[in-house]
Every structure is written in C-alpha cells, then in structure tokens.
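**Student:** The structure follows.
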Amino acid sequence: MYSLFRFIALLIFTTSLFTGIVYAQQEDDPDNPRTWKYFKVFARAEDDSIFITAQDDMGIEPKLESYTIVVNLVDGNAQNQFVMLGDESDPSAQRYAWSQLSKKVQDGLINWTGTNKENLNAKRLDYASVFLDVIRQIKIKEFVAPPKRERTIRSTTAYINPYFQLFGGERLGIPLKRSIGFTFGIGNKYSAPFESDLVSVGMNIIGVSINYNTTIDNLNTHTFDPETGDNYPWKQYNNIFSPLRAIELSYVIPLGNFLEVGVLSDIKFGKHTTGSLGPPNIFYENGDSSKPMPNNVLRGTYLNAEFRYPFRMFGSTRTQVYAAYYANEMNIGLITRESRLAGAVFDFRTNITLKKIRNFQILLEVMVSNIGEGFALNSFAFGPSVRLSKTDKGSFGVITAFINARFKLGDFFDEREKK
C-alpha cells in the first residue's frame, strides 16, 4: 500500500510538473502583445517593411499589399512552430515553418503591438469584461497619425484608389503609370445611395482630371406612383439631378494633395439635360404648394473647389477631412477607409451639406470589412448609409436609408520600398 501511495504521489507530481511546463509555454499576458504565442496579424505592406520581407521569406509573388498571417508558437518544439498565410479556416491558406522566416521578421512579428494584432488564445474574462473588453483594445496613440503612403500627399498620384464604391465616395482610380490613369465613379464624392444620378468616367494626367459625366435614370429616381403619391423608400427630393451629358475638369494644385479646383459644365444635347425621363416630380411640404421640396438640378457651368487634409485614423489606409464647394453647394465631411478599432475593420463616411439650394442634410455611413475568409478578408465591405434632413412632413428625420458597399479591385505597389 505504501509503495502504491508513493507511485500515485509521484504520478500526480510528474503530471502537475508537466502541465505546469506546458501551461508556462502557453501562458501569455493578454495586455502585452509581445508575450503572445498564438496570434493573427492583419498585415499591410505600408505598416512596416517586415510585412514585405515576410513575403520574400515565403516566396510570395506578386507581392500582396494586405494579407492575414497567423503565428503559432505554442509548441515548445521549434520544429512544430509554424505560420499560415491566410486565415486558418480557409482551406487554401498556405502553411510555412516558423524557421523559414528571417530573424528580423520573427522578432518583428513577436514584438508587433499594433491594433491589427489579435490574440488567438482564449481570453481571460472578468466581471468588467462586459463593459470594458472593447475599450481595453483601443490604442489612443493610433487615433490620429500622419499618412504613410507617399501617394496620399502627392498632387499627381492622390487619385490612385483601388476601391470601387457603389454609391458616392472617392472615385476608383487605376494607374497606368503612377501619375497617369483612369477613374470611374457613381454619384459624386459627397452623395449617398440614390441621391445622385451621376455616372462619371475619366482620366488623370499629372494632377489634371478630365471626366465625362452622364446619368442613369432612377438612381435618384423618377419612379413614382401618381395614384398614391408615394415613392417610398426613395424620396425624390433633396437630391441632385445631373446633366445628361457634361464635362468635368479638375486640377490638384501642385503643392501637395490639399487643394483641388475645377469646373463642371453641361453639354446641350436633346430636349432634356437632366435625364431622358424629363424633370423630376415635385413634392410639397405638408401638401403646401407654396413650399416645394428642393432638388439641385444642374444646368450650366459651375466652379468647384475642395480643401482637404489627408491623415490616418485608427491605422486606416486612407483618411481625410475636407471642406468643398461643389455644384453651388457647401459640403463638410470626413472619409476613412479600413480603420482598425478593437479588432474590427471598417470604413466610415460623414458629409454635411449646408442649406442653400437644398435643405440642410447629414450623411452617415459605416461599412464593415474583414468579414470574408482568407484572401477575401478585406476585399469588400458593406453597411448602412443614412441621410437625415427635413422630410415632406416638415420634421427632421430619415429621408433615405440603404446599404452601400465597396470592393477592392487590386493592389497598387507603385511607391513601395524595401528597408
């Protein structure tokens, strides 16, 4: 019996010791990313040169501007430590030995502390986690930072934009050779879904943008039931009706990407210059014919200007605040793309149109990214877009609420340098 007792005690001691060693290997401090042994990084080449060198170590060609890398160092045996290019749930994700990465990249990944690093070990929860878990992940130092991309501050390359947005926002900009490329957009930069019927295609040449504008009927809609007098959910007021054909020229002053001036002029073709279906229907506030609900129907020539300031917000790839005079209206707003906050990646856009031709209006738009799998992780985003203004009932409220979306069409590495 004594021998059996000693054997059991020895077994318990050995098991405890082994468990303690394994636990010590897996143990990390959730508040210190440098101690994590099993983590994921939403890597961007612009964040640090290690995310370019890592692709060299793994033999990735052509290089990716953004990707996901998973690091697993839990096993104490170095031969079992590995990294994965892509999300673990993606069957096409590629696996590489940890030893395949250079010492510089290994140290860089372990010591990385940005908000794009996520601990994959089970979180330790406490009673305050319900209220503070998200707040604890916010890094105030990344709230506002200078831009990292050279092209965001250059007058000749600021047009470059690999993201196509369904409605409004910045136009898609595809470079042929840095300062020369094509642009395309639906709506203008300041418009919400179904607010403008504009469709624009153009070319950028060393800071000069030349665009041909036309319209798509029903984008801001002529769909109307005269029997019920209702065009819900499209509100055919406080909208912009563009010329059927127009030329738009703009020029970014060559002192940096902060001041753009331009002109918009319609071309007289046919009977109507605001769409083939004719002028929009008129709605009245509370049915009072002396109070028509306004629209901005574009005719003639307009001088435009925009002052903007590019920076980064919460590690975004592109952020800017602006004040713009466009089509005889004043707009103030903020655009941010792929901001990272508490593990979420999102786009945000807000635009305030001051009252002049149309009623005062506020646009609020949030699109959530990192919802795909593997290489599709950041390739698209979608979310609600809401316009607030005076309604035909005379009160301030929602006049349109729709889903907007944007898609990433490629990676543009024109200014990347290895360090």
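Heads up, the final residue of the sequence shown is numbered 581 in the numbering used here, and it's a clean run with no missing numbers.
Note that the Cβ used here is the ideal one computed from N, Cα and C, for glycine as well.
Which class does Lys518 belong to by DSSP, given the choice of helix, strand or coil?
**Tutor:** coil
**Student:** So for Glu280, helix, strand or coil by DSSP?
**Tutor:** strand
**Student:** Assign Thr277 to one of two classes, buried (16 or more other C-beta atoms within 10 Å of its C-beta) or exposed (fewer than that).
**Tutor:** Classification for Thr277: buried.
**Student:** Determine the DSSP secondary structure at Asp269, reduced to helix, strand or coil.
**Tutor:** helix
**Student:** If you count every other CB in all the chains shown that lies within 10 Å of the CB of Lys517, and 16 or more means buried, which is it?
**Tutor:** exposed
**Student:** I need the DSSP call for Ser261, collapsed to helix, strand or coil.
**Tutor:** helix
**Student:** Pull up the CB-CB distance for Arg568 and Gln327, whole angstroms please, since I reckon it's below 8 Å.
**Tutor:** About 4 Å separates the Cβ atoms of Arg568 and Gln327, confirming a contact at the 8 Å cut-off.
**Student:** Starting from Gln327, trace the beta strand (DSSP E) in both directions and tell me its first and last residue.
**Tutor:** 325 to 327
**Student:** Asp428 lies in the beta strand (DSSP E); which residues open and close that run?
**Tutor:** 421 to 428
**Student:** For Ala563, which residues from the same chain have a beta carbon less than 6 Å from its beta carbon, with the 5 sequence-adjacent residues on both sides left out?
**Tutor:** Result list for Ala563: Val548, in chain order.
**Student:** For Met220, which three-state DSSP category applies?
**Tutor:** helix
**Student:** Output the distance between the C-alpha atoms of Ile429 and Tyr464, rounded to the nearest integer angstrom.
**Tutor:** 13 Å
**Student:** If you measure between the beta carbons of Ile402 and Asn448, is that distance less than 8 Å?
**Tutor:** no
**Student:** Confirm, please, whether the CB-CB distance from Leu460 to Ala486 is below 8 Å.
**Tutor:** no
**Student:** Three or more C-beta pairs under 8 Å: does that hold for the region 311 to 326 against the region 552 to 562?
**Tutor:** Taking a contact to require three or more Cβ pairs closer than 8 Å, the region 311 to 326 and the region 552 to 562 do not qualify as touching.
**Student:** Taking the C-alpha atoms as reference points, what is the distance between Asn380 and Tyr446?
**Tutor:** 20 Å
**Student:** What's the gap between the Cα of Pro192 and the Cα of Thr314?
**Tutor:** 35 Å
**Student:** What would DSSP say about Tyr185, mapped onto helix, strand or coil?
**Tutor:** Residue placement at Tyr185 cannot be trusted, given a pLDDT of 41 that sits under 50; the coordinates are not used to answer.
**Student:** Would Ser358 and Gly364 be called neighbours here (beta carbons separated by less than 8 Å)?
**Tutor:** no
**Student:** Could you please give me the residues that DSSP links to Phe476 through a beta bridge?
**Tutor:** When DSSP reads this structure, Phe476 sits in no beta bridge, so it has no partner.
**Student:** What distance in whole Å lies between the Cβ atoms of Thr512 and Glu491, which are believed to be in contact at a cut-off of 8 Å?
**Tutor:** Contact doesn't hold; Cβ gap of about 16 Å is too wide.
**Student:** Please say whether Val203 and Lys279 have beta carbons closer to each other than 8 Å?
**Tutor:** Cβ distance < 8 Å, so Lys279 and Val203 count as in contact.
**Student:** Can you give me the Cβ contacts of Phe469 inside the same chain, cut-off strictly under 6 Å, excluding the 5 residues immediately before and after it?
**Tutor:** Leu421, Ala485
**Student:** When you compare each of Pro546, Val361, Val423, Asp249 to Ser404 by their alpha carbons, which one comes out closest?
**Tutor:** Val361
**Student:** How many Å lie between Pro309 and Arg480 at the Cα?
**Tutor:** 8 Å
**Student:** Using 8 Å as the threshold, is the C-beta distance between Asn234 and Gln243 below it?
**Tutor:** yes
**Student:** Helix, strand or coil: which one does DSSP assign to Thr553?
**Tutor:** coil
**Student:** Whose C-alpha, out of Gly221, Lys570, Asn239, is nearest the C-alpha of Gln262?
**Tutor:** Gly221
**Student:** Tell me which residues share the same chain as Ile565 and place their Cβ nearer than 8 Å to its Cβ, disregarding the 5 neighbours each side in the sequence.
**Tutor:** Pro355, Phe544, Gly545, Pro546, Ser547
**Student:** Secondary structure at Thr197, three-state DSSP: helix, strand or coil?
**Tutor:** Thr197: helix per DSSP, three-state reduction.
**Student:** Should Phe201 go down as buried or exposed, given a rule of 16 or more other Cβ atoms within 10 Å for buried?
**Tutor:** buried
**Student:** Quick one: grab the DSSP three-state call for Ala543.
**Tutor:** strand
**Student:** Considering only C-alpha positions, which residue in the set Ile409, Val245, Asp269, Ile519 is nearest to Ser211?
**Tutor:** Closest option to Ser211, Cα to Cα, is Asp269.
**Student:** Within 10 angstroms of its Cβ, does Gln482 collect 16 or more other Cβ (buried), or is it exposed?
**Tutor:** buried
**Student:** Lys570 lies in the beta strand (DSSP E); which residues open and close that run?
**Tutor:** 558 to 570
**Student:** Work out the CA separation of Arg340 and Ala307 for me, nearest whole Å.
**Tutor:** Here the alpha carbon of Ala307 sits roughly 25 Å from the alpha carbon of Arg340.
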